[in-house]
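For reference, the structure is listed below as structure tokens.
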Amino acid sequence: MEAVYISKKQFLIYMAVTFVTALILQVIASAFGNNGNQTMFAVIGPVTMFMPFLGVLVARIPLKSMGWIPHLKGKLRYVFFALWMPALLSILGGVLFFVIFPDTFDSEFLTIRGILEAAGALEQFEAQGLTIPMYLLITTVQAVTIAPFINMFVALGEEVGWRGALYPYLKEKLGVTKGRVVGGTIWGAWHWPLMILAGYEYGKDYIGAPVLGPIVFCISTVMMGIIFDYVYEKTETIWLPSLMHGAVNAFTIFAYLVKPEYSHMAILGPAYIGIISMIPVMIVAVILSVKDTKSR
12 MEAVYISKKQ
22 FLIYMAVTFV
32 TALILQVIAS
42 AFGNNGNQTM
52 FAVIGPVTMF
62 MPFLGVLVAR
72 IPLKSMGWIP
82 HLKGKLRYVF
92 FALWMPALLS
102 ILGGVLFFVI
112 FPDTFDSEFL
122 TIRGILEAAG
132 ALEQFEAQGL
142 TIPMYLLITT
152 VQAVTIAPFI
162 NMFVALGEEV
172 GWRGALYPYL
182 KEKLGVTKGR
192 VVGGTIWGAW
202 HWPLMILAGY
212 EYGKDYIGAP
222 VLGPIVFCIS
232 TVMMGIIFDY
242 VYEKTETIWL
252 PSLMHGAVNA
262 FTIFAYLVKP
272 EYSHMAILGP
282 AYIGIISMIP
292 VMIVAVILSV
302 KDTKSR
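Counting from 12, one number per residue, gives the positions in the sequence shown under our numbering.
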């Protein structure tokens, strides 16, 4: 992969634009979300994901060497890896959580039923003869087929900034492993305002709130960032980490399979960002990191 040269000045401009613009949007989104306006919250979220891309543009960091035209001959295995590995890791992490805490599993699907009722969709589903398990099956199939490709275009807004610009700069300055760790921490910290103000990812009443969530989330982004960056280096196209990012965002089913009274345990799982459920992600990240280090 052709190296992307980024000066210190460009890096500082990129960081400033990426974080300041995202902070403003996250504060606005949190205000809407906390006032019950979930529509505006859902709209502003995807827009915020393009702020790292905006930072790259404002800092005039070269885009051409990020691999816009994929050359995947002999590399198709990485397409399937990016598409399905997030689902596999999520399933392993979710199952691990429910094996340890079996009483938390929502066998009556009360959480999902409540979400569908709030959205006014439950009666519509039932009128069509769809049950909650059937809905979950359809959602799961979409999450491993169509949804990752749709999400890819939104995730691109972050990946151009993180894997395309931030990681190359940090890896050049700090070395591959340290660069990925620092890059993943920055990536996680970028989400902090939304986490603290709006309860993004873990809610507001989880165990250890509000301090533990941002720390644990950064651990998850460090680990996932290692995997994303490994895929980026192997394929030399920004589309593959974007696809994997989109797949991660698509497969969120386990977050809705916990009984409502156990929602405070979100910091532990069953979503992959929980302490217990991220163990499979950590194992894969460590394996790829060691393998990558030995091959250099």
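The beta-carbon is built from N, C-alpha and C at its ideal position, and this holds for glycine as well.
- Distance from the CA atom of Phe-120 to the CA atom of Pro-113, rounded to whole angstroms, is 14 Å.
- DSSP places Lys-305 inside the alpha helix (DSSP H), whose first and last residues are 290-306.
- C-alpha of Glu-212 to C-alpha of Met-206: approximately 7 Å in a straight line.
- Counting only runs of 4+ residues, the alpha helix (DSSP H) found wholly inside the stretch 191-237 occupies 203-209, in chain order.
- Within the same chain, His-275 come within 6 Å of Asp-216 by CB-CB distance, once the 5 residues on both sides are set aside.
- Taking C-beta separations shorter than 7 Å and ignoring five residues to either side along the sequence, the partners of Pro-97 in its chain run Met-255, Ala-258, Val-259, Phe-262, following chain order.
- Check the Cα spacing between Val-58 and each of Gln-37, Trp-198, Ile-157, Lys-20: the tightest is with Gln-37.
- Per the Cβ contact rule, the stretch 216-236 is not in contact with the stretch 71-83 (fewer than 3 Cβ pairs under 8 Å).
- Shown here, Val-15 sits in coil according to DSSP, grouped into three states, outside any helix or strand.
- Phe-120 sits in coil when the DSSP states are folded into three classes, being neither helix nor strand.
- With respect to the 7 Å criterion, Pro-281 and Phe-108 are classified as neighbours on the basis of their beta carbons.
- By the criterion of a C-beta distance shorter than 7 Å, Tyr-273 is surrounded in its chain by Thr-115, once the five residues flanking it on both sides are discounted.
- For Glu-183, the enclosing alpha helix (DSSP H) starts and ends at 178-185.
- The Cβ-Cβ distance between Ser-253 and Ala-158 does not fall below 7 Å.
- DSSP places Val-69 in the helix class (H, G or I) of the three-state scheme.
- With a threshold of 16 other beta carbon atoms within 10 Å, Ala-129 falls short and is exposed.
- When rounded, the separation of the alpha-carbon atoms in Ile-238 and Met-289 is 13 Å.
- DSSP places Val-269 outside any alpha helix (DSSP H), giving it a letter other than H or E.
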